[in-house]
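Take a look at the structure set out below.
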Amino acid sequence: MAYASRTELSERLGATLYARLTDRVSGTTADDAVADRIVAEAEAEADSYLAVRYATPIDLMLHPELGEVLRQRVLDLAEYIAWRSSPFVADLPGRVEALYAEARAWFSAVGTGRLSLPAVTPPAGRVAADDSPRYRASPRRFTAEELEGL
Numbered sequence: 111m112a113y114a115s116r117t118e119l120s121e122r123l124g125a126t127l128y129a130r131l132t133d134r135v136s137g138t139t140a141d142d143a144v145a146d147r148i149v150a151e152a153e154a155e156a157d158s159y160l161a162v163r164y165a166t167p168i169d170l171m172l173h174p175e176l177g178e179v180l181r182q183r184v185l186d187l188a189e190y191i192a193w194r195s196s197p198f199v200a201d202l203p204g205r206v207e208a209l210y211a212e213a214r215a216w217f218s219a220v221g222t223g224r225l226s227l228p229a230v231t232p233p234a235g236r237v238a239a240d241d242s243p244r245y246r247a248s249p250r251r252f253t254a255e256e257l258e259g260l
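Right, here's the structure in full:
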């Protein structure tokens, strides 16, 4: 389940700014396909932090209380990505950069365990509990006794 949608990004930015930041040709007509890629990139960045500690994506059907907090933080990331990737923007607003830095710091803190997601029950942990390499050796074909005298 998605944390945010292009509609929520459009509502956050307003119609004019949404069109300017998603249109790659003239900056006047909104491009929903570009907005979908922006939101997907923001969600992937969020999951990259969360995956250190939780099974991702977080299931919002099981944890609806996390929907709003994840939506707002992912939209912070998406807004920054929209501004950064637009060919019609030279400088990013300080407010956008600050929100992006706060969102990344929050996701990092959650991923490292300094903060916990405000869930009624903890979300599922990582699927792989042990990341150590696995190997199995074959039995020896020749023993020291068999090779004696060679």
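Numbering-wise, the sequence shown is residues 111 to 260 according to this note's numbering. Backbone N, C-alpha and C fix where the C-beta goes; we use that ideal spot for every residue, glycine too.
Supposed close pair residue i, residue j - CB separation, criterion 8 Å
i: residue 229; j: residue 175; result: 6 Å
i: residue 150; j: residue 119; result: In fact, because the Cβ distance is near 11 Å, the residues do not count as touching under 8 Å.
i: residue 133; j: residue 142; result: About 11 Å; that fails the 8 Å criterion.
From the options, residue whose alpha carbon lies closest to that of residue i
i: residue 115; options: 126, 185, 167; result: 185
i: residue 171; options: 234, 161, 255; result: 234
i: residue 180; options: 213, 256, 163; result: 213
i: residue 155; options: 138, 188, 178, 199; result: 188
i: residue 137; options: 243, 197, 166; result: 197
i: residue 148; options: 113, 178, 259; result: 113
Chain-order list of residues whose beta-carbon lies under 8 Å from that of residue i (same chain, five-residue window excluded)
i: residue 163; result: 220, 221, 222, 223, 235, 236
i: residue 225; result: 216, 219
i: residue 159; result: 214, 217, 218, 220, 221
i: residue 193; result: 131, 199, 202, 203, 206
Residue i: first and last residue of the uninterrupted alpha helix (DSSP H) it sits in
i: residue 272; result: In the structure as shown, the chain begins at 111 and stops at 260. Residue 272 is therefore absent and cannot be evaluated.
i: residue 141; result: Run containing residue 141: none; DSSP gives neither H nor E here.
i: residue 201; result: That residue, residue 201, is in no alpha helix (DSSP H); it is neither H nor E in DSSP.
i: residue 234; result: Residue 234 -> no alpha helix (DSSP H), and no H or E assigned at all.
i: residue 223; result: Element bounds for residue 223: n/a, residue is neither H nor E.
i: residue 190; result: 177-195
i: residue 123; result: 116-123
Buried/exposed call for residue i, threshold 16 Cβ in 10 Å
i: residue 126; result: exposed
i: residue 130; result: buried
i: residue 123; result: buried
i: residue 208; result: exposed
i: residue 210; result: buried
i: residue 128; result: buried
Beta-carbon proximity list for residue i, same chain, < 7 Å, skipping 5 on both sides
i: residue 183; result: 156, 213, 216, 217
i: residue 231; result: none
i: residue 177; result: 170
Closer than 8 Å: residue i CB and nearest the ligand MG heavy atom
i: residue 252; result: This structure lacks the ligand MG; in fact it carries no ligand of any kind.
CB contact check: residue i to chain D, cutoff 9 Å
i: residue 207; result: Reference to chain D is not applicable here, since this structure consists of a single protein chain.
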